[in-house]
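Shown next, in structure tokens, is the structure this report addresses.
Numbering (the numbering used here), first residue to last: 1434 to 1854.
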């Protein structure tokens, strides 16, 4: 709302974000059905662009995208929990220090974020079934809660249709890159559209079940997010959302009264917790696949003899994520990962086109509808989002880019020395 200050602009961003997720899901449906292996993006990029690009994808997943997302979401979760427990607020700092010119501030909320990451990682360490069961419960609560807000807002909400007038007001938008920047939080909201591809090696009849799961889930999420944003705008004008950390709380309080704010905040907090659980579950499958290929620490290929999980990969991801929690605020971590997510997502979906030419004989139980326009749409919009982030916050964005670049000498060092442990 801060960068796209009109109802139509906000809804357009959410619609395009949903269509982008759907385009990615359709593309990954073909990839996952053709290459039903654990590892997701890493596998597709490796097969399409070669081992170096595959390594950089996995390298960035560990150092930036997955671990960084875990850190950012954990910090956001702590922020929302501070509504109920003020002691978790970021202002309750008990330790601070300057390390290499960067200020490190540790608050009670920081510790809570770290403990949350460790607990969820422990659940996934103890078995796939426990993590999936927890996610199913959280997803059910999220969908049910969103439907409840939508119905209550429409039926008894004290909103106004005047909040939708004028529907489009682009007079204050002077640079299209602001739309790319506005997409970043939307992309995070849709994060998980490709979650099932990382578990492809553990899914029964993947060539049949993966495409169905990807498409159906994304269509449902698009409809829910559009509906909930219509309700939010019905409750509060877009201009009043500017600068609000908890837009959902502001909107639903206006619609349903102050007494509902705690309930709404609890719903959003559960949703954030669910997102954190998903990311923690998926990342280790990438590092496991890399270790099996001999391009990452050999110990990460270990499967726990009792729990049947990539236990070492889960532990390493948890430790690095906790370090990232200590290094920045939610906003800084958010920007740190957004450019890399967009760039490697573009490479992943672009793999559909590359593999059609590179491996025409590859068995494709599911063929992408709308080829090549659907993957091209995803690639172009993802590059635009990355550009918007680079323009709006260049220094924070380049931090992630530099880390990925360091993966090039790391790859050749690994290859030359044969370091696999």
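By construction, the Cβ of each residue, glycine as well, lies at the ideal position given by its N, Cα and C atoms. Since the model is a prediction, treat every value here as computed from it, not as a measurement.
Nearest to residue i (by Cα), restricted to the options the options
i	options	result
residue 1466	1490, 1646, 1585	1646
residue 1667	1657, 1795, 1687, 1651	1687
residue 1812	1556, 1780, 1578, 1825	1780
residue 1719	1749, 1681, 1705, 1539	1749
residue 1562	1483, 1823, 1742, 1722	1742
residue 1477	1648, 1789, 1823, 1511	1789
residue 1698	1513, 1546, 1785	1513
residue 1657	1622, 1638, 1680, 1690	1622
residue 1441	1505, 1555, 1662, 1551	1662
residue 1778	1847, 1654, 1758, 1624	1624
residue 1833	1776, 1782, 1798	1776
residue 1807	1519, 1786, 1821, 1547	1786
residue 1541	1551, 1696, 1550, 1527	1527
residue 1564	1538, 1715, 1483, 1669	1715
residue 1576	1703, 1505, 1451	1703
residue 1547	1505, 1447, 1482, 1485	1505
residue 1746	1800, 1830, 1557, 1649	1557
residue 1510	1537, 1553, 1468	1553
residue 1443	1841, 1551, 1671, 1582	1671
residue 1464	1796, 1847, 1820	1796
residue 1472	1642, 1721, 1589, 1654	1721
residue 1754	1784, 1550, 1740, 1696	1550
residue 1712	1594, 1517, 1497	1497
residue 1451	1648, 1589, 1689	1648
residue 1525	1538, 1439, 1468	1538
residue 1927	1543, 1685, 1782	Since the first and last residues shown for the chain are 1434 and 1854, residue 1927 lies out of range.
residue 1619	1654, 1744, 1642	1654
residue 1592	1495, 1669, 1759, 1543	1669
residue 1758	1517, 1495, 1530, 1544	1544
Cα-Cα separation between residue i and residue j, rounded to whole angstroms
i	j	result
residue 1853	residue 1597	Residue placement at residue 1853 is poorly supported in this model, since its pLDDT is 47, which falls under 50; the coordinates still yield a value, given next. Approximately 58 Å, taken between the alpha carbons.
residue 1449	residue 1805	18 Å
residue 1487	residue 1502	20 Å
residue 1404	residue 1578	Within the shown structure, residues of the chain are numbered from 1434 to 1854, placing residue 1404 beyond reach of any answer.
residue 1682	residue 1827	31 Å
residue 1792	residue 1474	17 Å
residue 1816	residue 1738	42 Å
residue 1774	residue 1710	18 Å
residue 1727	residue 1493	17 Å
residue 1573	residue 1580	11 Å
residue 1454	residue 1809	13 Å
residue 1694	residue 1839	45 Å
residue 1499	residue 1456	21 Å
residue 1823	residue 1772	7 Å
residue 1470	residue 1729	17 Å
residue 1587	residue 1706	27 Å
residue 1660	residue 1462	26 Å
residue 1845	residue 1600	54 Å
residue 1523	residue 1700	21 Å
residue 1559	residue 1673	45 Å
residue 1459	residue 1644	7 Å
residue 1567	residue 1584	26 Å
residue 1732	residue 1723	11 Å
residue 1482	residue 1736	28 Å
residue 1802	residue 1571	31 Å
residue 1520	residue 1484	47 Å
residue 1836	residue 1507	21 Å
residue 1831	residue 1818	14 Å
residue 1740	residue 1555	11 Å
residue 1489	residue 1841	7 Å
residue 1725	residue 1717	12 Å
residue 1708	residue 1751	15 Å
residue 1696	residue 1664	16 Å
For residue i: DSSP bridge partner residues
i	result
residue 1530	1537
Where the alpha helix (DSSP H) containing residue i begins and where it ends
i	result
residue 1582	1561-1589
residue 1672	1671-1674
residue 1683	1680-1689
residue 1443	1440-1467
residue 1718	1694-1725
The ligand ZN heavy atom lying under 7 Å from the CB of residue i
i	result
residue 1471	With respect to small molecules bound, the structure shown includes none, and the ligand ZN cannot be examined in it.
Margin query: Report the start-end ranges of each beta strand (DSSP E) in the segment 1753-1837 that is 3 residues or longer and not cut off at the edges.
Written below: none
Next item on the list: Would you list, in sequence order, the uninterrupted alpha helix (DSSP H) runs of no fewer than 4 residues that lie entirely inside the segment 1469-1527?
Entry: 1474-1482, 1484-1493, 1499-1514
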